[in-house]
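Numbering-wise, my numbering comes out as the position in the sequence shown, counting from 1, plus 27.
Using N, Cα and C, we set each Cβ at its ideal position, and we do this for glycine too.
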Amino acid sequence: MALSTYVLAGYFRREVKSHEAAAKYFVLGALSSGILLYGLSLVYGTTGTLDLAVLANTLRTGGAPTATLVGVALLACGFLFKVAAVPFHVWTPDVYEGAPTPITAFMSVGPKAAAFAMFLRVFLGGFAPLDDQWRWFVGAAAALTMVWGNIAALTQDNVKRMLAYSSIAHAGYALVGLVAGGPGGVQSVLFYMLVYTVTNMGAFGFVVMLESRGYAGETVQDYAGLARKHPLAAFGMLLFMLSLGGIPPTAGFMGKLYLFAAAVNAGYVWLVVVAVLMSAVSLYYYFRIVLQMYLRDGEEAQPASLVEAPWTERVIWACGLAVLIIGVLPAPFLDAARATVGVLGGP
Numbered sequence: 028m029a030l031s032t033y034v035l036a037g038y039f040r041r042e043v044k045s046h047e048a049a050a051k052y053f054v055l056g057a058l059s060s061g062i063l064l065y066g067l068s069l070v071y072g073t074t075g076t077l078d079l080a081v082l083a084n085t086l087r088t089g090g091a092p093t094a095t096l097v098g099v100a101l102l103a104c105g106f107l108f109k110v111a112a113v114p115f116h117v118w119t120p121d122v123y124e125g126a127p128t129p130i131t132a133f134m135s136v137g138p139k140a141a142a143f144a145m146f147l148r149v150f151l152g153g154f155a156p157l158d159d160q161w162r163w164f165v166g167a168a169a170a171l172t173m174v175w176g177n178i179a180a181l182t183q184d185n186v187k188r189m190l191a192y193s194s195i196a197h198a199g200y201a202l203v204g205l206v207a208g209g210p211g212g213v214q215s216v217l218f219y220m221l222v223y224t225v226t227n228m229g230a231f232g233f234v235v236m237l238e239s240r241g242y243a244g245e246t247v248q249d250y251a252g253l254a255r256k257h258p259l260a261a262f263g264m265l266l267f268m269l270s271l272g273g274i275p276p277t278a279g280f281m282g283k284l285y286l287f288a289a290a291v292n293a294g295y296v297w298l299v300v301v302a303v304l305m306s307a308v309s310l311y312y313y314f315r316i317v318l319q320m321y322l323r324d325g326e327e328a329q330p331a332s333l334v335e336a337p338w339t340e341r342v343i344w345a346c347g348l349a350v351l352i353i354g355v356l357p358a359p360f361l362d363a364a365r366a367t368v369g370v371l372g373g374p
């Protein structure tokens with residue numbers, strides 16, 4: 028998946044930003060892959076296996092030498108890069124801004140969801156006996172990711188960069204469920220990734236549809252007066268912003284609720300306090316877009332116009348419908364996440 032996204036990030040061959048995004052993503056992505064492989068080699072060299080079940084049994088009965096712990100730390104760093112967690116997030120804003128917007132939409136959900144699935148399987152499966160060694164590290168990364176992602180997003184005027192920092196913060200929320208562990212933690216992460224996927228795809232879809240002065244609605248000011256000119260589109264964007272902010276009755280609220288409940292039940296109250304505070308902070312930059320749409324007339328700001336994109340519109344409204352359905356009726360989706368826990372080999 029990483030190789031294809033490196034190419035897709037530089038799809039616009041005549042755009043300097045697209046080339047820059049692809050180069051940064053490739054170099055830093057290759058570095059993270061090297062870190063992952065070196066960590067795997069250390070784990071294999073000290074335990075003699077990469078089978079997760081055998082690995083867990085070996086670590087449980089024989090303990091972990093220092094080299095194994097170093098390998099686990101390197102694997103954690105590699106996975107944290109893949110999910111764009113602090114301090115391995117530096118590539119995300121530039122790559123998301125420079126890549127073509129449809130590609131950015133895919134990059135913000137596809138590789139991240141796959142990386143979280145691997146993270147869950149490896150650390151809550153093979154490295155479960157070492158949870159005392161790695162949970163504090165991942166917990167600290169989760170807290171830093173939530174804080175920095177939301178604080179950095181406050182000052183962004185470019186919507187793609189704002190959503191990039193937002194995606195960093197949401198990676199921090201998902202890491203809370205990973206730290207919580209257990210069936211409840213795994214289930215909450217899987218459910219949250221579903222919620223994040225439909226919400227983020229919908230939000231980026233609107234960025235694709237909006238056009239102002241040749242740009243795809245990339246600045247906050249481009250949304251001025253949208254509610255007056257395109258009320259239905261403005262309502263859709265409002266729905267996605269509410270979900271990203273975790274406001275009921277949207278899917279984002281239910282996703283955060285189950286994540287935070289799993290963490291509280293596991294004893295990580297301090298992490299939930301950080302998450303709740305940062306969720307409140309995030310409302311500021313999400314509502315900047317909402318205020319532009321509903322409280323600015325757009326006459327002087329040259330409001331964006333909608334691009335005719337029937338299939339994009341269908342995807343957006345499907346995502347919007349999913350955001351409402353999941354928010355009101357989460358039970359079937361939680362059951363699906365619970366069933367997936369066994370498929371992933373979760374605890």
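| query | result |
| --- | --- |
| Environment of ASN292 [buried if 16+ CB atoms lie within 10 Å] | exposed |
| Three-state secondary structure (DSSP) of ASP184 | coil |
| Buried or exposed (CB count within 10 angstroms, at least 16 for buried), VAL301 | buried |
| Cα-Cα separation between GLN248 and ASP184, rounded to whole angstroms | 8 Å |
| Close beta carbons around GLY37, own chain, < 6 Å, minus the five adjacent residues each side | SER45, HIS46, ALA49 |
| Helix, strand or coil at LEU86 according to DSSP, with G and I counted as helix | helix |
| Rounded Cβ spacing between LEU102 and LEU67 (contact assumed at less than 8 Å) | 7 Å |
| Whole-Å CB distance - LEU69 paired with THR88, under 8 Å assumed | That belief does not hold up - the Cβ atoms of LEU69 and THR88 are roughly 19 Å apart, past 8 Å. |
| Minimum length 4: unbroken alpha helix (DSSP H) runs contained in the segment 44-70 | none |
| Beta-carbon gap between ALA290 and ALA207 smaller than 8 Å | yes |
| Helix, strand or coil at THR76 according to DSSP, with G and I counted as helix | coil |
| Selected residue, minimal CA-CA separation from GLN353, among PRO120, THR226, GLY137, TYR250 | Contrary to the premise, residue 353 reads as Ile rather than Gln in this sequence. Per the Cα distances, THR226. |
| C-beta atoms of ALA230 and LEU271 nearer than 8 Å | yes |
| Extent of the continuous alpha helix (DSSP H) to which ARG341 belongs | 337-355 |
| Counted within 10 angstroms of its Cβ, other Cβ atoms place LEU35 as buried (16 or more) or exposed | buried |
| Nearest to THR26 (by Cα), restricted to the options VAL308, ALA111, VAL317, GLY211 | What is shown of the chain runs 28 to 374, which leaves residue 26 out entirely. |
| Burial state of SER215 (16 or more Cβ within 10 Å) | buried |
| Opposing strand residues paired with LEU383 [DSSP bridges] | Coverage of the chain is limited to positions 28 through 374, which leaves residue 383 absent and any answer about it impossible. |
| MET189 beta carbon less than 8 Å from that of TYR312 | yes |
| THR246 in three-state terms, based on DSSP | strand |
| Opening and closing residue of the alpha helix (DSSP H) in which SER215 lies | 209-236 |
| Where ARG323 falls: helix, strand or coil (DSSP) | coil |
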